[in-house]
Structures are given as structure tokens and as C-alpha cells.
Amino acid sequence: MVLQTLLLIGLVLSSVLAILFKDLLRSAIALAAASLLLGIIFFRMDAPYAGVFEISVVAGLITVLFMLTIALTKGGEAAESKAVAIAFPAFFVAFVVIDVLVMRKLLQKIPALAGPAETGTFGQFLWTSRTFDLVGQIAVIFAGVFAVLALFRKGKDKDE
Amino acid sequence: MNNVWFVYMFFVAVLLFTGVYCLLTMRNLIKLFIGIEVVSKGVSLAFIATGLAKKSLLAAQSLVVTYIVVEVSLVATALALIINIYRKTKSLDIRQLAKLKG
Chain A
1095 MVLQTLLLIG LVLSSVLAIL FKDLLRSAIA LAAASLLLGI IFFRMDAPYA GVFEISVVAG
1155 LITVLFMLTI ALTKGGEAAE SKAVAIAFPA FFVAFVVIDV LVMRKLLQKI PALAGPAETG
1215 TFGQFLWTSR TFDLVGQIAV IFAGVFAVLA LFRKGKDKDE
Chain B
-12 MNNVWFVYMF FVAVLLFTGV YCLLTMRNLI KLFIGIEVVS KGVSLAFIAT GLAKKSLLAA
48 QSLVVTYIVV EVSLVATALA LIINIYRKTK SLDIRQLAKL KG
């Protein structure tokens, strides 16, 4: 659990860096590092499929998309208010203290509801119990593709 | 629920706070989207931690996989929107959008 806690602290730190870095490229790389750490945490929690998706898709594909967008929108950076970065540590520490107090208070208070025991492999579960999710995923992917196509469609008036 | 679940929930809450703080205070559109990504990491962690605590990891994993697929579509569409906004306004400042008139 010690290593897991260190990984979780690393995840929080890289997420904080991702929002505090002024350079957007550094922010995107810090976000990729956070995804990588989250993937490792998933592997250590015996969830290899979620870990593989997190590392390959979120740390890989989404980071590439972010970098492309940053490259395509160079020069348009909006200056952040300086008070945001200065005030963040105070708010963060205050939230962590409240979080610790609430979690200590809640400890052992929330009952665990018994669920049915799971059997079989991940593939069997996905294909038998969550078949409808797969149909939804395909629909979402198509919706995303058509949305991007519609957004980058070139009007005929502009070409002429 | 066991004590380990509360440790995970503590970190989930910190991640959610970080993302929401970014969403409430930042002005850059890409930064705001990075805030949404941080929140989504917290949500994924909450799914898997709860699945681990309730011994239903297969269900939790299948939900996270679905969630990641939805997230990718969302990111692709939102970044395409951000590029279009940049082409129109030559800026990534969220305040510029309030000035747009149809």
C-alpha cells in the first residue's frame, strides 16, 4: 500500500502541475504523466484492461490530440490571472485538511452492500453482461467522427 | 467499505478539487479542457477503487473502458471546436466567447 500511496501522490502532483504550468505543452506532458501513473495504479489494483486503455488511449492518443491542438492554435494563448496560481496552494491545503477530516469521520460508517460474486473473464463479462455498452460505444465513436468531420467541413463559398 | 477504499476516495476528492478549481478560475480554453481531463481521471479512479472494494472489478473495468471510449470522442470533438473558435476569434480566451454575436 505504501508504493500505491506514493503513486497516488505522484498522480495528484502531476495533475496539479498540469493545471499550474504556464506553457501548454508542459501541461499536456504533465497530464500524460498523470495518465501513465493512473495506468500503473490500475495494474496494481488487478485491473489490467482499464490500465491498458488508460495508458494507450488516454496517455497516448489524447496527448497527441492535445499537442496537435496546441501547435495549431499557437499565438492565441490567453494570459491567466496571477492570483489563480498564488491562491491555489492555500485553497489546496484547506481542501486537503477538510478532506482528511471528512474521510476520518466517514471511516467504517458507510456499509458495503453485498453484490453477486463475479465469475469468468473480462471478455466474457463484457460480451454477456455489458453487450449494450458496446453498441453505445460504437454509436459514440461514430458521433465523434461525424462531429469532427462537420466541424472541419470546408464551405464552397470560401473556396471560390 | 474497507479503509483502503477511503484512501482512494481521499485522492479522488483531491483530483476532483484540482480539476474544478481549474474550471472555475482559468481562462485558456485548452487549460479548461485539461481541467476536465483531471476530473475524468478522478472519476475513473473512483470506479476502479469501488469495484475493488466491492469485489466487482470486472463490472468496474468494463465501465471504465466504456468511459475512456466516450472520453476520446469528447476530446476529439471539443478540440476540433477549440480550433474552430481560435480560427474565428484568433484567441483562446474564454472571455472572447461572451462577446460573440450571432
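Each protein sequence line maps, in turn, to chains A and B. For reference, each letter of the first sequence is one residue, going 1095 to 1254 in our numbering. For reference, each letter of the second sequence is one residue, going -12 to 89 in our numbering. Glycine included, C-beta positions come from ideal geometry on N, C-alpha and C. On a predicted model such as this, the values are computed, not experimentally measured, just so you know.
| message | Taking only three categories from DSSP, how would you classify residue 1060 of chain A? | response | Outside the displayed span of chain A (1095 to 1254) sits residue 1060 of chain A, for which this structure offers no information.
| the region 1225 to 1232 of chain A / the region 40 to 60 of chain B touching (three or more Cβ pairs under 8 Å) | With a cut-off of 8 Å, the region 40 to 60 of chain B and the region 1225 to 1232 of chain A count as touching, because enough Cβ pairs lie within range.
| message | Between the alpha carbons of residue 1140 of chain A and residue 1222 of chain A, how many angstroms are there, rounded? | response | Cα-Cα distance, rounded: 21 Å.
| said: For a quick check, are the C-beta atoms of residue 1193 of chain A and residue 0 of chain B less than 8 Å apart? | reply: In this structure, the beta-carbon distance from residue 1193 of chain A to residue 0 of chain B falls below 8 Å.
| Given residue 1174 of chain A, which residues of its chain have a CB within under 8 Å of its CB, disregarding the five upstream and five downstream residues? | Answer for residue 1174 of chain A: 1116, listed in chain order.
| query | For residue 86 of chain B, does the count of other Cβ atoms within 10 angstroms reach 16, so buried, or fall short, so exposed? | reply | Around the Cβ of residue 86 of chain B, a 10 Å sphere holds fewer than 16 other Cβ atoms; the residue is exposed.
| message | I'd like to know whether the C-beta of residue 1227 of chain A is nearer than 8 Å to at least one C-beta of chain B. | response | Judged by the 8 Å Cβ criterion, residue 1227 of chain A is in contact with chain B.
| request: Please name the residue, chosen from B:25, B:35, B:29, that lies closest to residue 1157 of chain A on a Cα-to-Cα basis. | output: Per the Cα distances, B:25.
| message | Short of 6 Å in beta carbon distance, which residues of its chain neighbour residue 34 of chain B, apart from the five on each side in sequence? Order them along the chain. | response | Short of 6 Å from the beta carbon of residue 34 of chain B, and not among the five residues preceding or following it, lie these beta carbons of its own chain, in chain order: 47, 50, 51.
| task | Would you mind sorting residue 4 of chain B into buried or exposed? The rule is 16 or more other CB atoms within 10 Å of its CB. | result | Classification for residue 4 of chain B: buried.
| field | Terminal residues of the alpha helix (DSSP H) in which residue 1218 of chain A lies | value | In the DSSP assignment, residue 1218 of chain A falls within the unbroken alpha helix (DSSP H) covering 1216 to 1222.
| With 16 other Cβ atoms within 10 Å as the buried cut-off, status of residue 1246 of chain A | Flag for residue 1246 of chain A reads exposed.
| query | Can you tell which of B:56, B:20, B:38, B:30 has the C-alpha that lies nearest to the C-alpha of residue 68 of chain B? | reply | Minimum Cα distance to residue 68 of chain B is reached at B:20.
| request: Taking the CB atoms as reference points, tell me whether residue 1131 of chain A and residue 1111 of chain A lie closer together than 8 Å. | output: For residue 1131 of chain A and residue 1111 of chain A, no; Cβs fall outside 8 Å.
| request: Answer yes or no: do residue 70 of chain B and residue 1163 of chain A have a C-beta to C-beta separation smaller than 8 Å? | output: Contact: yes.
| query | Would you call the CB atoms of residue 1122 of chain A and residue 1160 of chain A closer than 8 Å? | reply | Going by beta carbons, residue 1122 of chain A and residue 1160 of chain A fall inside the 8 Å limit.
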